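Below is one structure; the comments refer to it alone.
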Amino acid sequence: MNSDSIKLLDADTLARADKLGMAARFIVEGYMAGEHKSPYRGFAIEFSQHREYSPGDDVRHLDWKVLGKTDRYYIKQYEQETNFIAHILVDGSESMQYGSGETSKFDYAKVAAACLAFLIIKQRDAVSLSLFDDSIREELPRGNTKNHLFNVLEKLVQFNPKGATNLPRQLHSIANKSQRKGLVIVISDFFDDEEAVLESVQHLRFVGHEVIGLQILDHDEIVFPFNGLVEFEGLENIENLKTRPAEIRKSYMKEFSEFQKKLKDGFSRNSSHFIECDTSKPLNDVLGAYLTFRRETASK
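All letters in the sequence shown, in the order written, are residues 57 to 356 by my numbering.
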């Protein structure tokens, strides 16, 4: 993002993007300190080629010899930053607005996406971002600079979830695009037709993408703690339901368990990672899943 475009952003957006960025850095660095290991160790980084300097690039990678010969600024580009790309898809549908506490599912998804983008760019890899409901609402092409990270944060804080979702359509769309293969990270509650979702995951795998599914769930959706007479608000074109939770708890938990099993088994069959994320818990599983994937791919 250049200085002119930054001026067009309101102060609130800038503050929220900056706050999200600081939170992402704090979470990632805290997680890695707890692991007692660097997220950047174990990945071979070899010099590949040059590209022109862009504002926000790390000046430590300026090639001073080229500057002396050409009087132009060039950055050393590395194999790792040119060979790997992660596509982050964030579900921005109405159901992601749900939150039994201060944190909605979308709030949690935003922080998860910010942490992953921070970590990916810190490793000199490239990341793209898509926010969707029944279609793509916001999109950023791949990038790996500090400015690109700020653009990602800006998109995340400005987005307001609404509308019904169509996750399979978005995954098929990525699979059909003529682009470099990489890692597709899907951040969603996955409240969609599970068979259609799994078919789209299979499509991604068929064309060469790796897939990580991060299912964001509110704790209430996992344990169904409701009592008394409760009116459940329908989301994404579903009517409200007024009932006594005790009368439907058993059937809800059974259907929820079966739904989860189908998703987990389906991802496993497609050699993909599926992580259930409880919004009442830290993001350790999210970061762990990504780092495990990168270590596995680096060792191949």
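Glycine included, each C-beta is placed from N, C-alpha and C at the ideal position.
These numbers come from a predicted model, not from an experiment.
Apart from the 5 residues on each side of it in sequence, residue 184 sits with its Cβ closer than 8 angstroms to the Cβ of 141, 142, 143, 144, 195, 196, 197, 198 and 199 in its chain, given in chain order.
By the Cβ neighbour-count rule, residue 121 is exposed, with fewer than 16 other Cβ atoms within 10 Å of its own. Buried is the label assigned to residue 328, since at least 16 other Cβ atoms lie within 10 Å of its Cβ.
If you draw a straight line from the Cα of residue 247 to the Cα of residue 321, it is about 16 angstroms long. With contacts defined by Cβ atoms closer than 8 angstroms, residue 165 and residue 152 form a contacting pair. Apart from the 5 residues on each side of it in sequence, residue 239 sits with its Cβ closer than 6 angstroms to the Cβ of 142 and 266 in its chain, given in chain order. Comparing alpha-carbon positions, the option among 182, 276 and 159 lying closest to residue 237 turns out to be 182.
With respect to the C-alpha of residue 211, the residue from 229, 167, 249 and 176 having the closest C-alpha is 167.
Non-local beta-carbon contacts of residue 71 in its own chain, meaning distances under 8 angstroms to residues more than five positions away in sequence, are absent.
Annotated as distal: residue 319 and residue 251, with beta-carbon spacing of 8 angstroms or more. The beta carbon of residue 339 is closer than 7 angstroms to those of 83, 167, 168 and 171 in its chain, skipping five residues each way along the sequence. Its Cα nearest to that of residue 88, the residue 174 stands out among 306, 174 and 304. If you compare the alpha carbons of 346, 207 and 275 with that of residue 158, the shortest gap goes to 275. The continuous beta strand (DSSP E) containing residue 329 extends over residues 329-334. Judged by DSSP in its simplified three-state form, residue 194 adopts strand. A straight line joining the alpha-carbon of residue 76 with that of residue 278 spans about 27 angstroms. The C-beta distance from residue 79 to residue 149 rounds to 23 angstroms, too long to fall under 8 angstroms, and the pair is not in contact.
Here residue 280 is near residue 309, since their CB atoms are less than 8 angstroms apart. For residue 169, the enclosing alpha helix (DSSP H) has its first and last residue at 161-178. Each residue's CA atom was taken as its position, placing residue 209 and residue 255 some 31 angstroms apart. For residue 232 and residue 73, the gap between their C-alpha atoms comes out near 32 angstroms. A buried status is given to residue 206, since no fewer than 16 other beta-carbon atoms sit within 10 Å of its beta-carbon. In the three-state DSSP reduction, residue 349 falls in the helix class (H, G or I). In the same chain as residue 190, and ignoring 5 residues on each side of it, the C-beta atoms closer than 8 angstroms to its own belong to 149, 219, 220, 221, 222 and 225, in chain order.
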